[in-house]
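Shown next, in structure tokens, is the structure this report addresses.
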Amino acid sequence: MIDYPLSPFQKVGDLVFVSGQIAMKDGELVVGGIREQTAQTIHNIKAVLAQNGLSLKDIVDVAVFLVEQADYNDFNDEYAKFFQEPYPARTTVTVKSLPREAKVEIKVIVKSHETR
1154 MIDYPLSPFQ
1164 KVGDLVFVSG
1174 QIAMKDGELV
1184 VGGIREQTAQ
1194 TIHNIKAVLA
1204 QNGLSLKDIV
1214 DVAVFLVEQA
1224 DYNDFNDEYA
1234 KFFQEPYPAR
1244 TTVTVKSLPR
1254 EAKVEIKVIV
1264 KSHETR
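Numbered by my numbering, the letters in the sequence shown go through residues 1154 to 1269 in order.
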């Protein structure tokens, strides 16, 4: 595993900023299309949140980076399986490429239940 100069998350007051996640599992990128990669990416986010006593329901803002605009509908269908109203705010952009040839990267901002 490559040691990048970043933290998986940072707490600032009652906000938790989670670094961008891709569909890594057991040190490898998940094999499959956008749906499989989206699901694994969100599971990775859930794991980071759980370390902080938080869940997907605590997310207030999501930034999504897709390599292929054509994947948007399939991404959105998979994403919708994990979130319920009221949905977090979300921005989705298309990018030229992502690390490890991932199809999607997601970063989130979360409202914590306690302040530091």
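Even for Gly, the Cβ is constructed at its ideal location relative to N, Cα and C.
This one's a predicted model, so the numbers in the text were calculated from it and none came from an experiment.
- DSSP links residue 1247 through a beta bridge to 1219.
- In the three-state scheme derived from DSSP, where H, G and I count as helix and E and B as strand, residue 1255 is classed as coil.
- Per the Cβ contact rule, the stretch 1200-1207 is not in contact with the stretch 1227-1238 (fewer than 3 Cβ pairs under 8 Å).
- Taking one beta carbon from each stretch, the stretch 1176-1185 and the stretch 1207-1223 have fewer than 3 pairs nearer than 8 Å; the two do not touch.
- Counting C-beta pairs closer than 8 Å gives fewer than three between the stretch 1238-1245 and the stretch 1163-1171, which falls short of the contact rule.
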